[in-house]
Structures are given as structure tokens and as C-alpha cells.
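Colleague: Sequence lines, in order, name chains A and B. So the first sequence is numbered by our numbering: it starts at -10 and just counts up by one. So the second sequence is numbered by our numbering: it starts at 385 and just counts up by one. By construction, the Cβ of each residue, glycine as well, lies at the ideal position given by its N, Cα and C atoms. Just passing along the structure, written as C-alpha cells.
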Amino acid sequence: DTGVSQDPRHKITKRGQNVTFRCDPISEHNRLYWYRQTLGQGPEFLTYFQNEAQLEKSRLLSDRFSAERPKGSFSTLEIQRTEQGDSAMYLCASGPDTSTDTQYFGPGTRLTVL
Amino acid sequence: GENVEQHPSTLSVQEGDSAVIKCTYSDSASNYFPWYKQELGKGPQLIIDIRSNVGEKKDQRIAVTLNKTAKHFSLHITETQPEDSAVYFCAASIGSGAGSYQLTFGKGTKLSVIP
Chain A
-10 DTGVSQDPRH KITKRGQNVT FRCDPISEHN RLYWYRQTLG QGPEFLTYFQ
40 NEAQLEKSRL LSDRFSAERP KGSFSTLEIQ RTEQGDSAMY LCASGPDTST
90 DTQYFGPGTR LTVL
Chain B
385 GENVEQHPST LSVQEGDSAV IKCTYSDSAS NYFPWYKQEL GKGPQLIIDI
435 RSNVGEKKDQ RIAVTLNKTA KHFSLHITET QPEDSAVYFC AASIGSGAGS
485 YQLTFGKGTK LSVIP
């Protein structure tokens, strides 16, 4: 499978705990995005990486959220001190430089905060 | 920022009929308009896209039209099949220079194809 992969697919945690999600983009895709999707809504942009540089962050990305892409390949999204409002599907997408706007999504990580 | 409105929120059609989903956008600088299909428990799947220098694009049973003046674009699915049943999202982005090309999505249309 050469698509975007995300791990874990599901995560249940208690309020106040920290969680970390991983995204592996399509090989050689330099652009990587994180989105959040709540029930009945479209995905909302969180942050964007060009290679290892985090170039854009949404106002939705509070101080409790941090994302990294240390070697320009896989990326991690960490949420500290989770709140019930963080419950959502976290989607990762990647895109090639050859088509600067096309984005391919992974299967997502479903987070449930109890 | 950009705002994308999508209608209808739900759509039921008989198998073999056509389905049309419409979206409007607010920012005239938007120049890329993809459509995604999302099945239950899965991530969005890119099914077709169109850029602002093109008025219409077709791929087998799926077509997309764009009216830049009116700032709206539509997805047309012909000869619908039960496997077309899913939630469809439209999106828009403003691509320029070194920008992120982040996508702004509509709220989705749940399409049900009745056998």
C-alpha cells in the first residue's frame, strides 16, 4: 500500500492524558497536512509542513497541540492534557511538489476522550 | 478567510439516476476545487478536481463544473450505483507562491443510492 498511513486508527484516553499520533505520507511527498474532523462536519485545517519546516498553523491549534516532522518524512501530532472537546477524527494528508495543491488523505485516527 | 457552503446536506436518488451537489465559495482568489468521497470510518478520497482556468472536467461518470463569476462549482454523478453511497465534500484553496494551499471544506452531502 503506497497511500498515506496513520497510527493508531483508534485511541481512547481519559481527560488530562497526553496522546501522540503518527502519520506516514506517500513516499517523496514533501507537503504534509494535519486536519481535524468532528462528526457531521468537513475537515478543518490544523497545520502544514513543507519538508521538516512547519510553515503554517491554524488558530485551532492551541498551545496543547504540537506537531513535528523531524526528518521531513513521517510526522507526529501530540495533544497534551486532553479535553473532551478534543474528541474528533485527526486526518493527515500529503501532496507532491509537482502538483502543489493536490492532497491525498490517510484513514485518520479516531480520538475519544472520556 | 474562505467560506464554502455545500447543498444539499442529504440526497437520495434511485439507482441509475443522476446526482448533483452544489457548492459556493466566498474568496474570489480561490483557484483549486477538489471533491472528496468519504465512506464510513475512512479518510476522504479525492475523486475529481478542477482549477480556475477550466470550466468543466469529466472522468467517466463524474463531472465537475466551475462558474468563477458566480463563485460556485458543482459535482455531477451520472448512472448512480449503490457503491456511490457515501458523504461527498467539496473544498477550495487559494494557491499562490509558497503558501500552504490549505483546503477549506464544505459540510458534506450524504448521498444515498437506492437500489
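Can you give me the C-alpha to C-alpha distance between A:D86 and B:T462, rounded to a whole angstrom?
Modeller: Roughly 33 Å separates the two Cα atoms.
Colleague: Answer with yes or no whether the minimum CB distance from A:G31 to chain B is below 8 Å.
Modeller: yes
Colleague: With B:T493 and B:P392 assumed to form a contact (beta carbons below 8 Å), what rounded beta-carbon distance in angstroms separates them?
Modeller: 6 Å
Colleague: I need the DSSP call for A:Q73, collapsed to helix, strand or coil.
Modeller: helix
Colleague: Just verifying my parser: in three-state terms, what is the DSSP assignment at A:E45?
Modeller: strand
Colleague: Excluding sequence positions up to five away, which residues of its chain have a Cβ less than 6 Å from the Cβ of B:H460?
Modeller: V404 and A447
Colleague: I'd like to know if the segment 436 to 456 of chain B and the segment 400 to 417 of chain B are in contact, where contact means that at least 3 CB-CB pairs between them fall below 8 Å.
Modeller: When Cβ pairs closer than 8 Å are counted between the two stretches, the segment 436 to 456 of chain B is seen to touch the segment 400 to 417 of chain B, the count reaching three or more.
Colleague: Let's test the definition: count the other Cβ atoms within 10 Å of the Cβ of A:R48 and tell me whether it reaches 16, buried, or not, exposed.
Modeller: exposed
Colleague: Whose CA, out of A:A42, A:F94, A:L66 and A:Y93, lies closest to the CA of A:L100?
Modeller: A:L66
Colleague: Below 8 Å between beta carbons: does that hold for A:F34 and A:Y79?
Modeller: no
Colleague: Quick one, are the C-beta atoms of B:E389 and B:C407 less than 8 Å apart?
Modeller: Yes, the pair counts as a contact, with Cβ atoms nearer than the cut-off.
Colleague: By a C-beta neighbour count over all protein chains shown, 10 Å radius and 16 as the cutoff for buried, is B:R435 buried or exposed?
Modeller: exposed
Colleague: Whole angstroms are fine: how far does the CA of A:P59 sit from the CA of B:P466?
Modeller: 43 Å
Colleague: For the segment 59 to 80 of chain A, enumerate the residues whose C-beta is nearer than 9 Å to any C-beta of chain B, in chain order.
Modeller: Listed by position, the residues of the segment 59 to 80 of chain A near chain B (Cβ gap below 9 Å) are M78 and L80.
Colleague: Near A:P14, which residues of its chain fall below 6 Å by C-beta distance, leaving aside the five closest residues on each side in sequence?
Modeller: V(-7), L21 and S83
Colleague: For chain A, find out if any of its Cβ atoms is closer than 8 Å to the Cβ of B:P392; answer yes or no.
Modeller: no
Colleague: Is B:P428 close to chain A? Criterion is C-beta to C-beta, closer than 8 Å.
Modeller: yes
Colleague: Kindly list, in the order they appear in chain E, the residues whose Cβ is closer than 7 Å to that of B:F489.
Modeller: No chain E appears in the structure shown, which is made up of the protein chains A and B.
Colleague: Report the residue from B:F457, B:L487, B:T464 and B:L430 whose alpha carbon sits nearest the alpha carbon of B:L395.
Modeller: B:T464
Colleague: Are the beta-carbon atoms belonging to B:D468 and B:L430 less than 8 Å from one another?
Modeller: no
Colleague: List the residues of chain A whose Cβ lies closer than 7 Å to the Cβ of B:G492, in chain order.
Modeller: G31
Colleague: Measure from the alpha carbon of B:E440 to the alpha carbon of each residue in B:K426, B:G425 and B:F457, then state which is nearest.
Modeller: B:F457
Colleague: For a contact defined as C-beta to C-beta under 9 Å, what are the partners of A:P96 on chain B?
Modeller: The contacting residues are G425, K426 and G427.
Colleague: Give a yes or no on whether the minimum CB-CB distance between A:T9 and chain B is below 8 Å.
Modeller: no
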